[in-house]
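*Asks:* Just so it is clear: in the sequence shown, position 436 is 431 by this note's numbering, and no numbers are missing. Mind looking over this structure? Questions follow.
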Amino acid sequence: MISDPDVLGLLYLVSIVCFVLALRFLSSPKHARRGNWLGGVGMLIAIGTTLLVEGISNWALIVVAAAIGSVVGLVGARKVKMTAMPQMVALFNGVGGGAAALIALAEFHEHGGVLTWDEGLSIALSALIGSISFSGSLVAFAKLQELVSGRPIVFPGQNIVNILVLGVAAALGIAIVAGVEGQWAIVTLIALALLFGVMFVLPIGGADMPVVISLLNAFTGLAASATGFVLDSTVLIVAGMLVGASGTLLTLLMAKAMNRSIANVLFGAFGAAPAGGAAAAASTDGKSYREVTADDTAVMLAYAQRVVVVPGYGLAVAQAQHAVRELAGLLEARGVDVKYAIHPVAGRMPGHMNVLLAEAQVPYPQLYDMDDINPEFPRTDVALVIGANDVTNPAARDNPESPLYGMPILNVDQAANVVILKRSMSPGFAGIDNDLFYGANSAMLFGDAKSSVEKLVAAVKAA
Ligand code: NAP
-4 MISDPDVLGL LYLVSIVCFV LALRFLSSPK HARRGNWLGG VGMLIAIGTT
46 LLVEGISNWA LIVVAAAIGS VVGLVGARKV KMTAMPQMVA LFNGVGGGAA
96 ALIALAEFHE HGGVLTWDEG LSIALSALIG SISFSGSLVA FAKLQELVSG
146 RPIVFPGQNI VNILVLGVAA ALGIAIVAGV EGQWAIVTLI ALALLFGVMF
196 VLPIGGADMP VVISLLNAFT GLAASATGFV LDSTVLIVAG MLVGASGTLL
246 TLLMAKAMNR SIANVLFGAF GAAPAGGAAA AASTDGKSYR EVTADDTAVM
296 LAYAQRVVVV PGYGLAVAQA QHAVRELAGL LEARGVDVKY AIHPVAGRMP
346 GHMNVLLAEA QVPYPQLYDM DDINPEFPRT DVALVIGAND VTNPAARDNP
396 ESPLYGMPIL NVDQAANVVI LKRSMSPGFA GIDNDLFYGA NSAMLFGDAK
446 SSVEKLVAAV KAA
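Right under this line is the structure:
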């Protein structure tokens, strides 16, 4: 048991340093694994230290809860498919918010509602933000898992109802700070905050969920931080703030990379138009496009000098990363220079393409960020677009009328030849037809990305 506050402080300081370094390492795919490990070690030290503090009782409950949590976390993390990662993050994030709200409820009960103003403030904030994060994350999970419709669910007067619900919850929080002692106050506050979390996320389209999850993640961090004040735990305050700050930055970066404001993501009901997602019908409007076979593409690739692979969401769906790696290896063996162009919001979560390609052992130096690869396209022989769509749409650069206008894109249309691997002419996430498909230097190779790339592998071997 640890009774010396200096030893306790030192151990917590070590875990805080681990968290800060973990974030630092996580900011580059090169060191991300190390970052993950360090974060885990920091958490282990923080939990271990907390359990060793004198006065901890209820060991049976703690052990049972920790065992259940560990099994769920371990099995969940090992079984989850890469494409289902956003909803797993939503779920894990949500339970963090829920835990903060439950601690607030328990502390309010423990004090019999008799609180100083600062205790009241911390408890009210934990309960409010934690509950919003919990129920909002569950709705985000349900949307991504397609348990509820991914379409924005809207009804007249929604914003007014939302403001009313949040207003009453906030008023109850102020009442708690002012000294209201009845349990009904915190219970009603939590119920209203849970309702607000649901109502806040329902009108947001499924495809915007990664941004919402990142925002809710920031909320959970703030709730955890407020809980740190409730429990007088420095490590929780700092860790919560780190989550809050990194979640906020990630939300802003994702919105910027999509050229959308946070307000547009949250209140714009993006995707409500019928043309959302891959299910939408192709609208070629009489424009013509060219189809190409795997054999012809293989010849083009085999005799090229420079090839840039542009992966997108379809690569993740098809799980084509290993086949792509094999194709690149064959081309390199023939002396072709192969690079990968990574758009910051390709796929459905930040770093999606990096993770997939790393899983297939693609050497990290071959991955180029958008700003680094764009000057390369004019001297590229073949740009191989695999399941990417919106992030290559030239309308985002050239057409002020396009809803995508202003979103930074990969300038694949500037390559000598562009081959696009996808199953149909359907639009991508934004539901907008892609001008790239109709370019004079573009050709479509239809089919599931994995089977198309496997055909290319076979054809390059035979070339
Ligand atoms: P995208 O625009 O959604 O297009 C993906 C394409 O993949 C679709 O056009 C689809 O066409 C094709 N596809 C799907 N399954 C396939 C399969 N099995 N084989 C071959 N092709 C397949 O994807 P993106 O270019 O990666 O752009 C990402 C979009 O998501 C952007 O609009 C971005 O703003 C948004 N977003 C990203 C994030 C993030 O953090 N990464 C977060 C929120 C939103 P077919 O159906 O014809 O095959």
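The C-beta atom is built at its ideal place from N, Cα and C for all residues, glycine as well.
Taking only the alpha-carbon atoms, compute the straight-line gap between ALA527 and LEU326 and give it to the nearest angstrom.
*Replies:* As shown, the chain starts at -4 and ends at 458. That puts residue 527 outside it, with no answer to give.
*Asks:* Pull up the distance between the alpha-carbon of TYR7 and that of VAL230, whole angstroms please.
*Replies:* For TYR7 and VAL230, the distance between alpha carbons rounds to 6 Å.
*Asks:* What residue does the beta strand (DSSP E) around ALA444 start on, and which one ends it?
*Replies:* Segment 444 to 457 is the alpha helix (DSSP H) holding ALA444; no beta strand (DSSP E) there.
*Asks:* Return the CA-CA distance between ARG285 and LEU244, expressed in angstroms with no decimal places.
*Replies:* Taking the CA atoms as reference points, ARG285 sits about 42 Å from LEU244.
*Asks:* Report the residue from GLY235, ASP364, ILE57 whose alpha carbon sits nearest the alpha carbon of PRO403.
*Replies:* Here the closest residue by C-alpha is ASP364.
*Asks:* Do three or more CB pairs link the region 300 to 315 to the region 339 to 350 at distances below 8 Å?
*Replies:* Yes, the region 300 to 315 is in contact with the region 339 to 350.
*Asks:* How do the region 86 to 95 and the region 118 to 134 stand: do at least 3 beta-carbon pairs fall below 8 Å, yes or no?
*Replies:* Touching, yes.
*Asks:* For GLY401 versus ALA391, is the C-beta distance shorter than 9 Å?
*Replies:* Here GLY401 is near ALA391, since their CB atoms are less than 9 Å apart.
*Asks:* Cβ-heavy atom distance between ALA60 and the ligand NAP below 8 Å?
*Replies:* no
*Asks:* Quickly, what does DSSP pair ARG301 with across the bridge? List them, please.
*Replies:* ASP332
*Asks:* Starting from the N-terminal side, write out each stretch of the beta strand (DSSP E) that is 3 residues or longer and does not extend beyond the region 17 to 75.
*Replies:* none
*Asks:* Pick helix, strand or coil for ALA410, following the three-state DSSP scheme.
*Replies:* coil
*Asks:* Let me check one thing: in DSSP terms, what residues is ASP364 bridge-paired to?
*Replies:* ILE337
*Asks:* Taking the alpha-carbon positions, what's the LEU120 to GLY108 distance?
*Replies:* 15 Å
*Asks:* Is VAL333 closer than 9 Å to ALA378 when the C-beta atoms are compared?
*Replies:* No.
*Asks:* Taking a contact to mean a Cβ-Cβ separation below 9 Å, would you say GLN300 touches TYR335 in this structure?
*Replies:* no
*Asks:* By Cβ distance, which residues of its chain are closer than 6 Å to ALA110, with the 5 residues on each side in sequence left out?
*Replies:* Residue 110 is actually Leu in this sequence, not Ala. There are no such residues.
*Asks:* For PRO306, which beta-bridge partners are listed by DSSP?
*Replies:* ILE381
*Asks:* Restricting to Cα atoms, I'd like to know which of GLY382, ALA137, ASP367 is closest to VAL448.
*Replies:* GLY382
*Asks:* State yes or no: is the C-beta of ILE181 within less than 9 Å of the C-beta of ALA99?
*Replies:* yes
*Asks:* Is the Cβ-Cβ distance between SER52 and THR222 less than 9 Å?
*Replies:* no
*Asks:* Please state whether the Cβ-Cβ distance between GLY145 and MET236 is less than 9 Å.
*Replies:* No, the pair does not count as a contact, with Cβ atoms beyond the cut-off.
*Asks:* Which word fits MET(-4), buried or exposed, when buried means at least 16 other C-beta atoms lie within 10 angstroms of its C-beta?
*Replies:* exposed
*Asks:* Please find out if some non-hydrogen atom of the ligand PLP comes closer than 8 Å to the beta-carbon of ASN88.
*Replies:* With respect to the ligand PLP, the structure offers nothing, as its ligand set consists of the ligand NAP.
*Asks:* Between PRO345 and the ligand NAP, is the CB less than 8 Å from at least one heavy atom?
*Replies:* The beta carbon of PRO345 sits closer than 8 Å to at least one heavy atom of the ligand NAP.
*Asks:* Under 7 Å Cβ to Cβ from ALA454, same chain only, skipping five residues before and after it: list those, please.
*Replies:* The answer, listed in chain order, is ALA289, ASP290, ALA293.
*Asks:* The ligand NAP and ARG418: does the residue's C-beta get closer than 8 Å to at least one heavy atom of that ligand?
*Replies:* yes
*Asks:* Within a Cβ cutoff of 6 Å, which residues of the same chain sit near ALA459, ignoring the five residues on either side of it in sequence?
*Replies:* Any answer about residue 459 is impossible in this case: the structure gives the chain only from -4 up to 458.
*Asks:* Can you tell me which of PHE372, ILE427, GLY324, ASN259 puts its alpha carbon nearest to the alpha carbon of GLY200?
*Replies:* Minimum Cα distance to GLY200 is reached at ASN259.
*Asks:* Here's a check: name, in chain order, each residue in its chain whose Cβ is nearer than 6 Å to the Cβ of TYR433, leaving out the five neighbours to either side.
*Replies:* LYS282, TYR284.
*Asks:* Check for me: the beta strand (DSSP E) holding SER515 runs from which residue to which?
*Replies:* Outside the shown range of the chain (-4 to 458) lies residue 515, about which nothing can therefore be said.
*Asks:* Taking the alpha carbon of MET253 as the reference point, which residue from ASN412, LEU405, THR78, VAL70 has its own alpha carbon closest?
*Replies:* LEU405
*Asks:* Once DSSP output is grouped into helix, strand and coil, what is the label at PHE224?
*Replies:* helix
*Asks:* Pick from SER(-2), VAL75, ASP366, ALA166: whose alpha carbon is nearest that of THR45?
*Replies:* Taking THR45 as reference, the option from SER(-2), VAL75, ASP366, ALA166 with the minimal CA-CA separation is SER(-2).
*Asks:* What would DSSP say about ILE98, mapped onto helix, strand or coil?
*Replies:* helix
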